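Enquirer: Dropping a structure here in structure tokens format, bear with me for questions.
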Amino acid sequence: MTKEDLSGILAQWSPEKIQKFQTDFLNWYEKERRDLPWRENQDPYRIWVSEIMLQQTQVVTVIPYFYRFMEWFETIADLAEAPEDKLLKAWEGLGYYSRVRNMQVAAQQMMTDFDGQMPQTVEEISSLKGIGPYTAGAIASIAFDLPEPAIDGNVMRVFSRLFELEADIAKPSSRKVFDYVVRQVMPHHDPSSFNQGIMDLGSGICTPNSPNCYECPLQEYCQSFAKGTMLNYPVKSKKVKSRPVYYLAQVIKNSKNEYLLTQRSSEGLLANMWTFPLVEISKEEYQNLKTDWQSFVAADNQQQSLEQLTLDNVAEPFSEYEASYLKQQTGRYAKVVWQKQPLAEVTHIFSHLKWHILVIPGFLNEDTEFVKESRETFAAPKTFNKYPFPKPQQKIVTTLENSGYLIAEE
DNA sequence: AAATCGGGGTA
DNA sequence: TACCCAGATTT
1 MTKEDLSGIL AQWSPEKIQK FQTDFLNWYE KERRDLPWRE NQDPYRIWVS EIMLQQTQVV
61 TVIPYFYRFM EWFETIADLA EAPEDKLLKA WEGLGYYSRV RNMQVAAQQM MTDFDGQMPQ
121 TVEEISSLKG IGPYTAGAIA SIAFDLPEPA IDGNVMRVFS RLFELEADIA KPSSRKVFDY
181 VVRQVMPHHD PSSFNQGIMD LGSGICTPNS PNCYECPLQE YCQSFAKGTM LNYPVKSKKV
241 KSRPVYYLAQ VIKNSKNEYL LTQRSSEGLL ANMWTFPLVE ISKEEYQNLK TDWQSFVAAD
301 NQQQSLEQLT LDNVAEPFSE YEASYLKQQT GRYAKVVWQK QPLAEVTHIF SHLKWHILVI
361 PGFLNEDTEF VKESRETFAA PKTFNKYPFP KPQQKIVTTL ENSGYLIAEE
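What follows is the structure in structure tokens.
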């Protein structure tokens, strides 16, 4: 879609029509705007925090995190100095954890470069870590009333329907199409209400699958409504499916009812968060282990003799290869007595990965024989709340609590 | 331009 | 399932 095409589309909108469009929409927003905690005032810090939290995250999810975050980190200076585990804990369960790390870097930038304040130009706001074109526009318009668009998924959906724009919103290059169109029709006297209004509209009325066009304040301006083509927009190319990954989770308890936890790498997925030790295995190994474990538990239920599964008698239910494989993977845990109990399986879907986790619980009789490596610790269940856990880890804990293996109380 | 980076809500 | 959500950064 060329700039000439866009000019043609917009040429049908006279200045008078644009002005009426703005008035109608701002009137609607004034009447229908949602009461949200970050809309109480124009504090740039609150608006910044809310915008970062709201990236790829729905309002209802954000609200409790927002209140807690503002309690824990009252000022930009507080955020700049906070320890990382407290940051991760504040973000635990929210996902995309680099968001909060980048926010601390940005807070430090503000302390050193901007007198501890959010800067007030789009260029300077954009120079802050973690603030891209959308968030820069949102902060500029909402906190400082600057006439900047804030192009997000809502805006692209609303505007693609308004003008039947064919630009593929999955392509980064399409952003400039929407930027151009929004700039032509947004009111410069109240960009804040306009941008927030489009968000409310996209959230409650101009929704992806079943838009409530008969309640829409922009119905008379909407080309796709006139033609009944609302559901053809926005145009979006397919995303690739998430790739499966298979893990063995080794849940190892010592005689003091403490569990071995390990801190993940400082880079990449779930950086610096804590999990039970995870070992990646192949799909075939995963399926074979699962099958054999199930048959072993079934056979044992009939015998009702063995209380524990040791590494030696692992060779019984597992095939020789799998037993040796399990020993190899658990080699440094030679003192671990693997618990015989119904198999626990946990799955978790990320945006680009699907984790399959086979949970293998074990017990350590002699603590002294076991030497922790770096980034490892033994932790009692009642202290788990001190460690930032990613969702898959929380699911494993819940599963083991339900099976009775993991006891939260002392 | 494509891949990476979480997790929940919805139909 | 598949898609969407107040996206940014890295490769």
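Under the UniProt record's numbering, the first residue of the first sequence is numbered 1, with each subsequent residue one higher. Beta carbons: idealized from backbone N, C-alpha and C, even for Gly. Keep in mind the model is a prediction, meaning the values are calculated, not measured.
Mapping the DSSP letters down to three states, classify PRO191 as helix, strand or coil.
Expert: The answer is helix: DSSP assigns PRO191 an H, G or I state.
Enquirer: Buried or exposed: which applies to ASN195, given that a residue is buried once 16 or more other Cβ atoms fall within 10 Å of its Cβ?
Expert: Buried: at least 16 other Cβ atoms inside 10 Å.
Enquirer: Return the Cβ separation of VAL359 and ALA249 in integer angstroms, given the expectation that the two are a contact with Cβ distance under 8 angstroms.
Expert: About 5 angstroms separates the two Cβ atoms, so the contact holds.
Enquirer: Apart from the five residues just before and just after TYR65, which ones in its own chain have a Cβ nearer than 7 angstroms to its Cβ?
Expert: Excluding positions up to five away in sequence, the list reads MET53, LEU94.
Enquirer: Could you round the C-beta distance between ARG157 and PRO234 to whole angstroms and report it? I think they count as a contact, below 8 angstroms.
Expert: Between PRO234 and ARG157 the Cβ distance is about 5 angstroms, and since that is below 8 angstroms, they are a contact.
Enquirer: Measure the CB-CB distance between GLN109 and LEU87 and report whether it falls below 8 angstroms.
Expert: Contact: no.
Enquirer: Near GLU71, which residues of its chain fall below 7 angstroms by C-beta distance, leaving aside the five closest residues on each side in sequence?
Expert: Within the same chain, GLU71 has no close Cβ partners at all.
Enquirer: With DSSP as the reference, label GLU345 as helix, strand or coil.
Expert: GLU345: strand per DSSP, three-state reduction.
Enquirer: Which residue's Cα is closest to the Cα of GLU246: TYR387, LEU231, LEU261, GLU280?
Expert: A small correction: the amino acid at residue 246 is Tyr; Glu does not occupy that position in the sequence shown. With distances taken between Cα atoms, TYR246 lies closest to GLU280.
Enquirer: My understanding is that ILE125 touches ILE139, with C-beta atoms under 8 angstroms, so please give their C-beta distance in whole angstroms.
Expert: Correct: roughly 5 angstroms between the Cβ atoms.
Enquirer: Using DSSP bridges, identify the partner residues of ALA167.
Expert: Per DSSP, none; premise fails for ALA167.
Enquirer: Looking at C-alpha atoms only, which residue of GLN55, PHE114, TYR97 is the closest neighbour of GLY268?
Expert: Of the listed residues, the one whose Cα sits closest to GLY268 is TYR97.
Enquirer: Compute the Euclidean distance between the alpha carbons of LYS20 and GLU74, then round it to the nearest angstrom.
Expert: Cα to Cα, the separation comes out at about 41 angstroms.
Enquirer: Count the other C-beta atoms from every protein chain shown that fall within 10 angstroms of the C-beta of LEU6, then say buried if there are 16 or more, exposed otherwise.
Expert: Under this definition LEU6 is a buried residue.
Enquirer: In angstroms with no decimal places, state the Cα-to-Cα distance between THR57 and PHE114.
Expert: Roughly 29 angstroms separates the two Cα atoms.
Enquirer: Just to confirm, are LEU406 and PRO381 a CB contact at a threshold of 8 angstroms?
Expert: Yes, the pair counts as a contact, with Cβ atoms nearer than the cut-off.
Enquirer: Can you look up LEU364 in the DSSP assignment and give me helix, strand or coil?
Expert: Strand, per DSSP.
Enquirer: In terms of residue numbering, what span does the alpha helix (DSSP H) encompassing LEU87 cover?
Expert: From DSSP, the alpha helix (DSSP H) with LEU87 extends over 84-91.
Enquirer: Suppose you measure from the CA of SER305 to the CA of PHE378; what does that come to, to the nearest Å?
Expert: With a pLDDT of 43 at SER305, under the threshold of 50, the modelled position of this residue cannot be trusted; read the value that follows with caution. For SER305 and PHE378, the distance between alpha carbons rounds to 31 angstroms.
Enquirer: Would you say MET118 touches the ligand NAP, meaning its beta carbon is less than 7 angstroms from a heavy atom?
Expert: Annotation note on the ligand NAP: not contained in the displayed structure, which lists no ligands.
Enquirer: With DSSP run on the structure shown, which of helix, strand or coil describes VAL155?
Expert: Helix, per DSSP.
Enquirer: Locate the alpha helix (DSSP H) running through GLN22, then write down its first and last residues.
Expert: It spans 15-32 - the alpha helix (DSSP H) in which GLN22 sits, taken as one unbroken run.
Enquirer: Indicate whether LEU343 and ASN254 have their beta-carbon atoms separated by less than 8 angstroms.
Expert: Result no, Cβ atoms of LEU343 and ASN254 do not sit closer than 8 angstroms.
Enquirer: Considering only their Cβ atoms, is the gap separating VAL251 from GLY137 smaller than 8 angstroms?
Expert: Taking 8 angstroms as the Cβ cut-off, GLY137 and VAL251 do not qualify as a contacting pair.
Enquirer: With 16 other CB atoms within 10 Å as the buried threshold, where does ALA80 fall?
Expert: By the 10 Å Cβ count, ALA80 comes out buried.
Enquirer: May I have the straight-line CA-CA distance separating ILE357 from ASN257, to the nearest angstrom?
Expert: Taking the straight line joining both Cα atoms gives about 23 angstroms.
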